[in-house]
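Q:
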Amino acid sequence: MIHSVRAAAAATVRATCIRRPPLVDGEVIGFRPADGTLKGDATNHASGTAVAIRPTWYPDARLKRLAARIRGWEDMPGQGAGTLSVGA
């Protein structure tokens with residue numbers, strides 16, 4: 365259960381990060397060779413089934429809070445990234 369909740373949070377943040385360029389060199393990590401240093405979910409990079417986008421920006425609890433905030437934007441028109449603020 366925890367893995368699926370974390371995966372859902374990661375997917376939400378990943379989709380937002382991809383839509384918000386520019387990404388710079390080193391902010392996207394794809395294939396990494398299986399040299400014995402990869403552990404757990406990181407081994408997916410060796411099989412070519414994983415990509416990390418800005419991996420140091422959203423660790424653990426921050427990832428969950430940010431994902432919840434982004435999901436909230438979907439329910440509130442005019443909120444979130446790419447919206448214009450009207451007024452003062």
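Here our numbering is used: the first residue of the sequence shown is 365, the next is one more, and so on.
No residue lacks a Cβ here, since even glycine has one placed at the ideal position from N, Cα and C.
1) Have a look at the DSSP bridge pairing and note the partners of ILE393.
2) Quick one: residues in its chain with C-beta nearer than 6 Å to the C-beta of VAL415, no 5 flanking neighbours on either side, listed in chain order?
3) Which residues mark the beginning and the end of the alpha helix (DSSP H) in which TRP319 is found?
4) From this set, LEU427, PRO419, ALA425, which residue's C-alpha is nearest LEU387's C-alpha?
5) So, at 7 Å on beta carbons, what are the nonlocal neighbours of LEU427 in its own chain, with the 5 sequence-adjacent residues on each side left out?
6) In angstroms, rounded to a whole number, what distance separates the CA positions of SER411 and ARG396?
A: Taking the structure as given:
1) Within the sequence shown, the letter at position 29 stands for residue 393. Answer by DSSP bridge pairing, in chain order: ALA416.
2) Taking the sequence shown and counting its residues from 1, one reaches residue 415 at position 51. So the list reads GLY394, once near-sequence residues are dropped.
3) There is simply no residue 319 to check, as the chain begins at 365 and stops at 452 in what is shown.
4) In the sequence shown, counting from the first residue as 1, residue 387 sits at position 23. The option with the nearest alpha carbon to LEU387 is PRO419.
5) Position 63 of the sequence shown, counted from the first residue, corresponds to residue 427. If we look at LEU427 and ignore the five residues flanking it on each side, its Cβ neighbours are ALA373, ALA374, VAL377.
6) Along the sequence shown, one-based indexing puts residue 411 at 47. Along the sequence shown, one-based indexing puts residue 396 at 32. Near 8 Å, if we compare the C-alpha coordinates of ARG396 and SER411.
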